[in-house]
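Quick notes on the structure that follows.
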Amino acid sequence: MPRTPISLSTLRSAHLAATYKGTNVILYQGDITLLDTHAIVNAANNSLLGGGGVDGAIHRAAGKELLRECRTLGGCSTGKAKSAEGYNLFAKKVILTAGPKYWEFSPQRAKELLEGCYLESLREAKRLGSHSISFPCISAGVYGYPGKEAAKVACESIKKFIETENNGIIKDVVFCVFEESDKTYYESALRAAFQAS
Ligand code: AR6
């Protein structure tokens, strides 16, 4: 079946949650592999060699060349990010980050590492000249980060980046949730982070 991209204009017009200091913050529920943002972020593991969940979906949609390139990247530390081409995806770039396994760290350390995933991914996007980027709910699947807390960290990290480092480069940030529960958590976290300011 042909895959139809979700364009940036659709994301902006139908799914805009907030505009903060000139950056659109968008909440979309569905498959991240269909999003036509310049970059999409993959919730990968330290090996960067593929897995299940959103990682599996991104590798399936991108094709074998993504795995070939990932083999040359030398893995990724938890809380850091690397990048690769988008291959058969609509996105031009894939930013690969490794979230914390929630059970391996204290809650405070897990939070710092998850914040690192968002900030380092945004830094990589900025370095690549990406004006638009989509994030899945990093660590909130098999890595066990509580969804409500993960949504708060995601929104607060993006806000911090916009305030301190963005310099107007990234114009659209999409939070791509999959589960209904995550949609609810993000609606509330977005309100707290962006509509109260
Ligand atoms: N589009 C958007 N979100 C999705 C999609 C999709 N196509 N599929 C799943 N999700 P997870 P993690 C959501 O487990 O917790 C992999 O095996 C899902 O509902 O994919 O960071 C890696 O290789 C959840 O909200 O990532 C690692 O070993 C979110 O994506 C490990 O899983 C993240 O769930 C990483 O675990």
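Here the sequence shown is numbered in my numbering, starting from 115 and rising by one per residue.
Note that beta-carbon positions come from the ideal geometry of N, C-alpha and C, so glycine has one too.
If you look at Cys231, you'll find it in the alpha helix (DSSP H) that goes Pro221 to Leu242.
Using a C-beta cut-off of 8 Å, the segment 215–229 makes no contact with the segment 138–154, since fewer than three inter-stretch Cβ pairs fall below that distance. The shortest C-alpha to C-alpha distance from Gly282 to any of Gly164, Gly261, Thr133 and Phe219 is the one to Thr133.
With a cut-off of 6 Å, the C-beta of Ser248 is classified as distant from the ligand AR6, since no heavy atom of the ligand falls inside that distance.
Taken atom to atom, the span from the alpha-carbon of Gly188 to that of Ala195 is near 12 Å. The DSSP assignment places complete beta strand (DSSP E) segments of no fewer than 3 residues inside the segment 246–270 at 246–249, in order along the chain.
At a cut-off of 3 residues, the continuous stretches assigned as beta strand (DSSP E) that sit fully inside the segment 127–173 are 130–134, 137–143 and 153–158. Residue range Lys178 to Cys184 is occupied by the alpha helix (DSSP H) that includes Lys178.
Contact between Ala175 and Leu203 is confirmed by a C-beta separation of about 6 Å, below the 8 Å threshold. For Ser121, there is no enclosing alpha helix (DSSP H), as DSSP marks it with neither H nor E. Here Leu180 has His173, Ala198, Tyr201 and Val208 as same chain residues with Cβ atoms under 7 Å from its own Cβ, once five neighbours each way along the sequence are excluded. By the Cβ criterion, the segment 288–308 is in contact with the segment 252–265, since at least three pairs of Cβ atoms, one from each stretch, lie closer than 8 Å. The nearest non-hydrogen atom of the ligand AR6 is less than 6 Å from the C-beta of Ala254. In the structure shown, Ala307 falls within a helical segment according to DSSP collapsed to helix, strand and coil.
DSSP places Glu199 in the uninterrupted beta strand (DSSP E) bounded by Ala195 to Glu199.
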